[in-house]
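Residue numbers (the numbering used here): 684 to 1054.
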């Protein structure tokens, strides 16, 4: 065979080159498909991951409990909280009363006054009023169809007392009675009043274990190494102007139960003229885990609140009335407060931010916010 295909049968002399070509073409096609799949994975997978990272609840390092800057430019804030009946005021540091006393002391560090709307005013006057002359115990006449006080009535009672006691202010901060608050709250309030005529600030809390050992609380100081950031649907405090609270629009949610905070967050988030701000990274909300914990769904009034919330919105307010749905996020640095719009898209463009320079010590005047 002198035709260049030595050893091949006669019929393969013409087909062999084409079969080799097809074989190599098939190999190249498979290689091309593999390369395309790899490129698609590399280019497309990060996009949903980036989107998820922007939309998931932000995880922050716990803010410092003690702020080094003592700003002269602050806004007076009145704290309102509620006290249930049957509190055992004992000397155990990690008891319910011990947690409440620690919380009240933390509020007194920044509040012009603390209004405690109580079921049992005499017990409040005896055990909590001595903490400071700025603590006031107020009785209420709030009730509901299920014999529990309603949230909006309790807050209205506290707001009314705040305007008639000693230091009237239109800035109110409602907080659950077992949540400590640390950080530059009055300075944050002052900056927000300069940035928006109507606003509400809220944030996530940090949970920690409260170990009651031999009647002594094992918690040392306001910070612990092991803490857990609570889910974004649990809102334990709201900072707002008293005139902006929906006293009429809010359903008859009862205190001590879930859902009312999601409803309130959703209400403010949907208001076009109200700036909603996540201050988790600026304000340390410290919450002890109770040893005997009753699930929220099993509490008296849980189904009542859940039904009211479902009747208020066409969509599921439990998923949209959360901290991570706020319009903006506030962070505090040594030299500035930075308010940034929350990312809602996957575009890698820088987030629009507003900057407020912090004035500490003997600084003369604040710098206006810069867009």
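Glycine included, each C-beta is placed from N, C-alpha and C at the ideal position. Computed from a prediction, not measured in an experiment: that's the story for all the values here.
Here residue 844 carries a helix assignment [DSSP, helix/strand/coil].
Annotation: the continuous beta strand (DSSP E) that includes residue 1036 extends over 1036-1040. Contact annotation: the region 818-836 touches the region 929-947, with at least three C-beta pairs closer than 8 Å. Measuring C-alpha to C-alpha distances from residue 794 to each of 833, 868, 928 identifies 868 as the nearest. Residue pairing from DSSP places residue 833 in a beta bridge opposite 937. In the three-state DSSP reduction, residue 987 falls in the helix class (H, G or I). When Cβ pairs closer than 8 Å are counted between the two stretches, the region 884-892 is seen not to touch the region 807-817, the count staying below three. Taking the Cα positions, residue 756 is about 12 Å away from residue 875. The residue from 767, 801, 805, 817 with its alpha-carbon nearest to that of residue 790 is 817. By the neighbour-count criterion, in which a residue is buried when 16 or more other Cβ atoms sit within 10 angstroms of its Cβ, residue 911 is exposed. Under the DSSP assignment, residue 921 falls in the beta strand (DSSP E) whose first and last residues are 920-924. DSSP places residue 914 in the coil class of the three-state scheme, outside both helix and strand. Boundaries of the beta strand (DSSP E) around residue 970: 967-972. By the CB criterion at 9 Å, residue 881 and residue 949 fall outside the cutoff. When C-beta atoms of the region 832-848 are compared with those of the region 963-973, fewer than three pairs fall below 8 Å, so the two segments do not count as touching. Secondary structure of residue 951 (DSSP, three-state): helix. The residues 766, 770, 811, 860, 861, in chain order, have a CB closer than 8 Å to that of residue 783 in the same chain once the five nearest residues on each side in sequence are set aside.
Judged by their CB atoms, residue 838 and residue 821 are not nearer to each other than the 9 Å cut-off.
Taking a C-beta distance under 9 Å as the contact criterion, residue 1009 and residue 870 do not qualify as a contact pair.
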